[in-house]
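Protein chains in written order, with my numbering: chain G, 1 to 359; chain Y, 1 to 372.
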Amino acid sequence: MKIFWAVVGKELLSFIRSWQLVFVVLYAFSFEVYIAGSGIELKPRNIAVGYIDASGGGLSQKFLSYFHAPEFLEPILFESQEKLSQAVFDKEIMVGLVFDDTFEQNFRKNHHTSLHVLLDATAASQAFTALSYLQNIAINFTARTFPVELVTHKLFNENADNHTFMALTELLSIVTLLSVILTAVVFVKEKEDGTWDIMLLMPVNAKIIILAKSFSQVIVVMVGIVISVGFVIFGVFDTPINGSFFAFMLLSFLYAFTGTGIGLFIAAIAKDVMQVAQLSIVIMLPLIFLSGAWTPIYAMHPLLQKFSLISPLRYYIEGTESIFFRGTPFLELYPYFLGVILVGSVVYLIGFRKIGRLF
Amino acid sequence: MKLGVVKAYVLKELTEIIRSRLIIMVYLMPTMVLVLFGYGIRMEVTSARTLIIDNDQSHYSQLLVSKFEHSKYFDATIEKRGEAKALDEIHKAKSDILIIIPESFEKRLLHRQATQIGVFVDAAFPMRGSTMESYVKGVVLDAASQMLERLGGNVPTISINQRTLFNQAMRDEDAIVPGLIGLVMLIAPAILSALLIVKEKERGTIFNFYASPVSKGEFIAAKLIPVFLLHSINIFILFLWATYLFEVPFRGSFLLYWLTSELYLVISLSIGMLISIITRTQIVAVVLTVIVTIIPGFLYSGILMPISSMVGVSRYEAHVFPVMYYNHILYDVFLVGEGLASSKTVTYIFILALYAFCMLTLGSFLLKKELR
């Protein structure tokens, strides 16, 4: 046990000694999470709208008054259709509206009238949503006495607030990146220096050293999580947490161990830091992006859905979402804990065994 | 610059990369990322798990339900176990949407009285939540206006006559794959070049450079040229995947694509090199590169969100990173095809060139050829 803590202490000390590393890790856990949370809005907002108006004014202006924040930016008037098209081509405008000269007449005569729309669909999903906003505006506009009304409730996140969601996703991705890379490098450095074989040959139990070394990196990551959650998630974004904070920390702890397991595995097959960098990207990017952080699992290709079952990040993200937003009680979180523990212990054991062998 | 020296140095670096297993990664990583994400990222919501409680059981309400049943966006099931049970399903993340049609739906519709349809959406994933909400709205409002027309109401209507540009079918592949090329071409070269110099610092072999008559420019050129050559091939590989595997149309000029990609490659290499120069240990270089490439590459590239929709700080940040400019050109050559006819494209190429020049100058300025 004394050896264990001695190794942990030594690793933490050498981590702190490299001020550049401390700085970068702190940056990742604070500003990076903050930037992702504050700057990025995934749902279409501030859609840039441009229009040309040959209808004479009254009705079209009324129609345009439906375009307002936060979904739309103030519509911009263009002089000619060519200029409008050019702006759409240059991606300065996403939606171009063309009110032709029959627009108002037809409408006043109770005729069917159509509004021409140019839509930049390079971002397909935003275009789709923008189109459905438009359709809703058209329907709302024409039939103010429309008898069907929709009452929607957005559960768990009433304003569909993206800040907390993005910040949390970002934090979980950073936990993944750092727990893997930091651990892998700690071990590979010894390999590069040639001290690892000596370590394994020493009369000290190698298992304890491996455990202690990976544990020290778990501590680093956990401290990062505490800072990030405390200052950014709760502090800046004022995120409500509906479930148990303890459950989140426990899940994070287990997950960090899974990350070090992947790190051990990478360290076992890599020869130098260069290979660690390449391998971690190759292993981690799929882990992050197939975890359901960016796209719901059941909307993926069926084969990828199967793959995502072995991504421990999937359980971590779903669990964290449930804790923060859905407020699922502790006991009902067992699928996520089970997932992380199961995948985590398999991954960790493989890495542990592989790094513990002599080369 | 002595070409002989550079040539010898380049050969040495090339053999080093090829001898280690790195060469596999140079070609495996970009392809893997493109294929996985190209299939993996779906912004469009299809088959959202929808529960419908039909309290009316009338002709019109069933008409509405069948609209949901026949849509590829919804995976609708009629819920008979009651509201509380259905909400519980959403709480357990087993369903996404709950739609409740009130008892007097048909009667009130016929009498033109207002009737309310209740919709519950799981918004734990906000983007998906809003998308699903707007889909539901679209279907309900569309169905209701059809019903009204059938009832013979003579109301003026405005229909949206849209011309969808660049991506007529609104395919997710067309929207995402070109952006992914921009992402991959930023991460992969930067990760590789980020360690080239710092590795020598950590091992001590950098003293060879301090002591030798090789100049700074020659050293940088020698470090970057091998990686540049290796990754240049990726420009073509990624193009082939995009056009053949994902069937993204290519409407612009290939020469423009190729040349801007090479220019962009220089930029991402020099980002890596700059990191390699300022850091002292390899681990810092790795972590820093991952942080400055992956996250901006995703967030500020226009893949997830159009640049025109960004406001405030994120708009400035998008303009700071090179990925936005390159992606504009990528989307242009793949989907739009305006090329050099658009003044914006020309400006962006110019900005990219300026970027590359500044990065390289800054790099050779910061690189010290002496002990610190």
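Quick reminder that beta carbons are idealized off the backbone N, C-alpha and C, glycines included.
From a predicted model like this one, the values you see are computed outputs, not experimental measurements.
Here G/V218 is not near G/V276, since their CB atoms are 9 Å or more apart. The beta carbon of G/A256 lies closer than 7 Å to those of V175, S179, V218, V221 and M222 in the same chain, with the five residues before and after it left out. About 5 Å separates the CB atoms of Y/V177 and Y/A242; that is less than 8 Å, so the two are in contact. Using beta-carbon distances, G/M202 does not count as an interface residue toward chain Y, since no partner is under 9 Å.
In this structure, the beta-carbon distance from Y/V336 to Y/G272 does not fall below 9 Å. Residue state for G/D120 is assigned as strand, using DSSP reduced to three classes. Neighbours of Y/I307 in chain G, taken as residues at a C-beta separation under 8 Å, are given in chain order as K91. In the three-state reduction of the DSSP assignment, Y/Q113 falls in the coil class.
Listed as beta-bridge partners of Y/F74 by DSSP are Y/A48. Put simply, the backbone Cα of G/L304 is about 39 Å away from that of Y/P102. Within the segment 27–40 of chain Y, L28, M29, M32, V33, L36, F37, Y39 and G40 place their CB atoms closer than 8 Å to a CB of chain G, listed in sequence order. A check of alpha carbon separations from G/V343 across G/L349, G/F324 and G/P312 identifies G/P312 as the nearest. Minimum Cα-Cα distance from Y/E247 among the listed residues Y/P30, Y/Y39 and Y/A222 corresponds to Y/Y39. Short of 6 Å from the beta carbon of Y/Q62, and not among the five residues preceding or following it, lies no beta carbon of its own chain. Chain Y places a beta carbon closer than 9 Å to that of G/N46, counting this residue as a contact. Chain Y has no Cβ within less than 9 Å of the Cβ of G/R314. The residue from Y/T289, Y/Y210, Y/V266 and Y/Y331 with its alpha-carbon nearest to that of Y/Y355 is Y/V266. Pairing G/W196 with Y/Q282, the inter-Cα distance amounts to about 18 Å. Exposure of Y/F365 is indicated by the presence of fewer than 16 other C-beta atoms within 10 angstroms of its C-beta. Taking CB atoms only, Y/G138 has a neighbour in chain G less than 9 Å away. For G/L97, the enclosing beta strand (DSSP E) covers residues V95 to F99.
For the segment 79–92 of chain Y, the set of residues with a beta-carbon nearer than 9 Å to any beta-carbon of chain G comprises L87, I90, H91 and K92, in chain order. For Y/R251, the closest Cβ of chain G is not nearer than 9 Å. Under the Cβ distance rule, G/I227 does not count among the residues neighbouring chain Y, no pair being separated by less than 9 Å. For Y/V292, the enclosing alpha helix (DSSP H) starts and ends at Q282 to L299.
The C-beta distance from G/A268 to G/G351 rounds to 7 Å, short enough to meet the 8 Å contact threshold. With the criterion set as a beta carbon lying under 9 Å from some beta carbon of chain G, the members of the segment 316–331 of chain Y are E317, A318, H328 and Y331, in sequence order.
CA-to-CA, the gap between G/I355 and G/S345 works out to about 15 Å.
With contacts defined as CB atoms closer than 9 Å, G/E92 and G/I52 fail to qualify as a contacting pair. For G/P286, the C-beta contacts it makes with chain Y under 7 Å involve L36, in order along the chain. Closest in alpha carbon position to G/S85, among G/L119, G/T260 and G/Y133, is G/L119.
At least one beta carbon of chain Y lies nearer than 9 Å to the beta carbon of G/K271. In this chain, the beta strand (DSSP E) harbouring G/D53 covers V49 to D53. Y/R150 is outside the set of residues whose beta carbon lies under 9 Å from a beta carbon in chain G. Using beta-carbon distances, Y/Y244 does not count as an interface residue toward chain G, since no partner is under 9 Å. Against chain G, a Cβ distance below 8 Å from Y/S134 picks out T129, S132, Y133 and N136.
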